[in-house]
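Colleague: For what it's worth, numbering that gives the first Met the number 0 labels the leading residue of the sequence shown as 0, then goes sequentially.
Once you've had a glance at the structure underneath, I'll fire off some questions.
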Amino acid sequence: MSKKTKKKISERNESVELSPNGESLYVKFLGLKEFKKQVIFFHDVGEYHDRYLPFAKFLNEHKIGCTFIDMRGHGLSSGTRGHVDDFHIFKSDYLKFWEVFESHYEDKELVTIGHGVGCLVAMMFLLEKIEILGMALINPTVHFKKSKTFHIEELIGRSSIADKVKINAKFMGEDVTSEKNLAQNYDHDPLINKKITVGMYKALLELFSSVKRSAYYINRPVFMALGLEDRVVDREKSELFASSIDENHLTLKKYKDLGHEFFNEIDRDNAFKDIYNWIDKSFTHGNKNE
0 MSKKTKKKIS ERNESVELSP NGESLYVKFL GLKEFKKQVI FFHDVGEYHD
50 RYLPFAKFLN EHKIGCTFID MRGHGLSSGT RGHVDDFHIF KSDYLKFWEV
100 FESHYEDKEL VTIGHGVGCL VAMMFLLEKI EILGMALINP TVHFKKSKTF
150 HIEELIGRSS IADKVKINAK FMGEDVTSEK NLAQNYDHDP LINKKITVGM
200 YKALLELFSS VKRSAYYINR PVFMALGLED RVVDREKSEL FASSIDENHL
250 TLKKYKDLGH EFFNEIDRDN AFKDIYNWID KSFTHGNKNE
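This is the structure:
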């Protein structure tokens, strides 16, 4: 493992304008200026950048910079809380980010990391043929556990009139992390979306279907991590999804003591090291092919 850096890491906050009416995405750069190796991170639905800062600090200590983008309607980004009109908006928003900031990465080596639903966005990003050396998928949400389907199936086939109806996400802190203090922080954090709209749920179902069909086209290294204590994701379907990725590109790891939150679990250290080692290998592999 590389020698850790102790220097103060540069921090920069930016925004990406999405529409003339003021909608924008919040973007945080950590270590963009000083590190050649960079990660673009796609957070889970309901979450936002601040929940992943311990992982960013870990990567910064190993000379890897991080970029976080709060999803539309999440965290410090604008937009209706917990709502999108269509699943294509996920892709168009992040491609707008890339259009604005692509030049910042011209001399960088880049991998992407997604968590939960963010894994699916990361896949969409990669499949746009952006120059990415690899992709890490952490507890990818290709389907929710049956107990987390929000009991709104009866609304799915109805007209768009119901799309902005908000429903309780039914996720509590204890569902996403076994660490009690962090679970309490999750429950009381006003920037975590505790509700999503029917439209968002429908968009997620469409996103699940679209991305699963695309797995066969992935031709770069993929690290997939599954927490066996995950109470949010249908793990069997995640494993089935993993089997559709070319085994020559896939590294699959399972962690018996980690839940869905993963990045805030007590026993996360070994998982962090595994992700770092895979990232380091991806950069090395990419350099050899240049």
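Ideal Cβ placement from N, Cα and C applies to all residues, glycine included.
In whole angstroms, what separates the C-alpha of K211 from that of D279?
Modeller: Their Cα atoms are separated by approximately 27 Å.
Colleague: Distance cutoff 9 Å, beta carbons only. Does L29 sit that close to anything in chain C?
Modeller: Here there is only one protein chain, and chain C is not present.
Colleague: With respect to the alpha helix (DSSP H) encompassing F54, which residues constitute its N-terminal and C-terminal limits?
Modeller: Segment L52 to E60, the alpha helix (DSSP H) holding F54.
Colleague: On the DSSP letters alone, give me the boundaries of the alpha helix (DSSP H) that F124 sits inside.
Modeller: Taken as a continuous stretch (DSSP letters only), the alpha helix (DSSP H) holding F124 covers V116 to L126.
Colleague: Beta carbon of A202, beta carbon of F89: below 9 Å?
Modeller: Yes, they are a contact pair.
Colleague: Just the C-alpha distance for E98 and K255, rounded to the nearest angstrom, thanks.
Modeller: Those two C-alpha atoms are separated by around 40 Å.
Colleague: D92 and D162: beta carbons closer than 9 Å?
Modeller: No. Outside cutoff.
Colleague: The beta strand (DSSP E) that contains R292, what's its start and end?
Modeller: Only positions 0 to 289 of the chain appear in this structure, which leaves residue 292 out of reach.
Colleague: Determine, using beta carbons only, whether K32 and G64 come nearer to each other than 9 Å.
Modeller: A contact, by the Cβ cut-off of 9 Å.
Colleague: Looking only at its chain, what residues have a beta carbon closer than 8 Å to the beta carbon of L181, apart from the 5 residues adjacent to it on each side?
Modeller: Excluding residues within five positions, the ones whose Cβ falls inside 8 Å are G172, E260 and N263.
Colleague: Using the C-alpha atoms, what's the distance from Y275 back to D266?
Modeller: For D266 and Y275, the distance between alpha carbons rounds to 16 Å.
Colleague: Would you mind reading off the limits of the alpha helix (DSSP H) that contains V175?
Modeller: That run of the alpha helix (DSSP H) goes G172 to V175.
Colleague: Around the Cβ of L24, are there at least 16 other Cβ atoms within 10 angstroms (buried) or fewer (exposed)?
Modeller: The residue is buried, with at least 16 neighbouring Cβ atoms inside 10 Å.
Colleague: If you measure between the beta carbons of G113 and F54, is that distance less than 9 Å?
Modeller: No, Cβ-Cβ distance for G113 and F54 is not below 9 Å.
Colleague: Do you know how far the Cα of L17 is from the Cα of F86?
Modeller: Between F86 and L17, the C-alpha separation is close to 16 Å.
Colleague: I'd like to confirm the pairing. Which residues does DSSP put opposite V38 in its beta bridges?
Modeller: V38 is bridged to C65 and V110.
Colleague: In its own chain, which residues sit with a C-beta less than 8 Å from the C-beta of N218, not counting the 5 before and 5 after it?
Modeller: Once the five neighbours on either side are set aside, the close Cβ partners of N218 are D245 and H248.
Colleague: Could you check what DSSP says for K287 in three-state terms: helix, strand or coil?
Modeller: Confidence is the limiting factor: at K287 the pLDDT is only 45, short of 50, which leaves the residue's position unreliable, though a coordinate-based value still follows. The answer is helix: DSSP assigns K287 an H, G or I state.
Colleague: Would F28 pass as a contact of E46 if the rule is Cβ separation under 9 Å?
Modeller: For F28 and E46, no; Cβs fall outside 9 Å.
Colleague: Just reading off the beta strand (DSSP E) that K27 is part of, what are its end residues?
Modeller: Looking at the DSSP string, the run of the beta strand (DSSP E) that includes K27 is S23 to L29.
Colleague: Let me make sure I understand the geometry here. Which of K165, G74, Q37 and K62 has the alpha-carbon closest to that of I131?
Modeller: Out of K165, G74, Q37 and K62, Q37 has the C-alpha closest to the C-alpha of I131.
Colleague: Between which two residues does the beta strand (DSSP E) harbouring N293 extend?
Modeller: No answer is possible for residue 293: it lies beyond the span of the chain, which begins at 0 and ends at 289.
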